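Numbering (my numbering), first residue to last: 358 to 732.
Just so you know, even glycine gets a beta-carbon here, dropped at the ideal spot from N, CA and C.
Given the structure is predicted, the values throughout are model-derived calculations rather than measurements.
Each remark here refers to the structure printed beneath this line.
Structure follows, in structure tokens:
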């Protein structure tokens, strides 16, 4: 267990409660260890901490319009990698037609997040209908294929050499945020049995970043049944019930959906705004010096960001302060409506992310300037 040098202190004008009761005319900035789980300090500034007039160098915030990636391969392993490091590989995959072969990941567990479209998912465990807003968690080694019923856009996140687990919900209890009972698993149903047969079938197996092919004289998705505690599972964002406090803006860590060894996946779903007149109603300024932050914007109105639309992705590297855009900042103590109206997937990685060629080709280079006050 880590023993940080930490003890509570108060210097000058400061709030006694994080994210509420800020000294008049100040802007709060949080500096913390281990994302939002470790010791933290809260500073109260006279000017917005993102009020830069210029930003050069590799720490600049980045934004990518993934809707402009038009490649539509029939295997996930041919889909472009947009971000990656040794612990994860993030791809944007457009799938318009039925996969002619099966895919299998030998490098780690896989999550497919269905951004748009719908289809039938066939795997070792059976058949599952999937659609917009679904997370599909696929254990390492599972063979699978998708038959779209409408064109699909999928965000794929690999847990390289790792497994996905659910977060410990602590005092909230195991049924908070989402009850594990809402997660669906495949069925050995008529649709699954109908796709079985003696048709020659190829399987694309990815291991150590390379693809090998196995060819069978039959479809190897031919199970008649199974038992155990390992399975593909589906969770839809509409089944996520966010933690909130009417008097305190909870940190992103409260929205954790899945854990892997070196990163976490969080889901931002519609929630009521804070009603306490002195509580922050927008994400607070913070230094995330231990994790790169990725946000994929799925649906809705992204109230803390300007000029962002569904299908875009932002990357905030470790080491600089970030927070809401100026327009959102002017509303931080207002309550323009009762609830947020956004769905977004956040991926926080312990190790720095590299940017793939496909993402670089669709970058919004003006993103770092979007915090500048408009004259």
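| Check | Outcome |
| --- | --- |
| Contact set for residue 371: own chain, Cβ-Cβ below 8 Å, skip 5 residues either direction | 380, 399 and 401 |
| Top-ranked residue by Cα proximity to residue 439, from 432, 448 and 431 | 448 |
| Residues of its chain near residue 533, where Cβ-Cβ distance is below 6 Å and the 5 sequence neighbours each way are ignored | 526 |
| Beta-carbon proximity of residue 433 to residue 450, cut-off 8 Å | yes |
| Of the listed residues 462, 610 and 669, nearest to residue 568 (C-alpha basis) | 462 |
| Nearest residue (CA-CA) to residue 675, options 709, 656 and 663 | 709 |
| Three-state class that DSSP yields for residue 587 in the structure shown | coil |
| Distance, residue 627 Cα to residue 535 Cα | 14 Å |
| Rounded straight-line distance, which links the Cα of residue 444 to that of residue 722 | 27 Å |
| Touch test, the stretch 463-472 against the stretch 504-512, Cβ-Cβ under 8 Å, three pairs minimum | yes |
| Minimum C-alpha distance to residue 539 - residue among 545, 546 and 531 | 531 |
| Beta-carbon spacing of residue 421, residue 669 below 8 Å | yes |
| Within the stretch 530-606, ranges of the beta strand (DSSP E) (whole runs, at least 3 residues) | 558-564, 567-573 and 590-593 |
| Counted within 10 angstroms of its Cβ, other Cβ atoms place residue 368 as buried (16 or more) or exposed | exposed |
| Residues near residue 596 in its chain [Cβ-Cβ closer than 6 Å; skip 5 each side] | 535 and 539 |
| Sequence-distant residues of the same chain with beta carbon closer than 6 Å to residue 403, five excluded per side | none |
| The beta strand (DSSP E) enclosing residue 715, as first and last residue numbers | Note, residue 715: premise wrong, no beta strand (DSSP E); alpha helix (DSSP H) at 714-717. |
| C-alpha distance - residue 529 paired with residue 467, whole-angstrom precision | 27 Å |
| Top-ranked residue by Cα proximity to residue 517, from 635, 616 and 667 | 616 |
| Buried or exposed by the 16-neighbour rule on C-beta atoms within 10 Å, applied to residue 732 | Confidence at residue 732 is low in this model, with a pLDDT of 43, below 50, so its placement is unreliable and the value that follows should be read with caution. With fewer than 16 other Cβ atoms within 10 Å, it is exposed. |
| Alpha-carbon spacing of residue 659 relative to residue 682, whole angstroms | 11 Å |
| Residue from 647, 505, 479 and 593 whose Cα sits closest to the Cα of residue 579 | 479 |
| Close beta carbons around residue 548, own chain, < 7 Å, minus the five adjacent residues each side | 477 and 484 |
| Three-state secondary structure assigned by DSSP to residue 444 | coil |
| Pick from 624, 631 and 588 that is closest to residue 601, judged by C-alpha positions | 631 |
| C-beta atoms of residue 397 and residue 605 nearer than 8 Å | no |
| For residue 369, three-class secondary structure by DSSP | coil |
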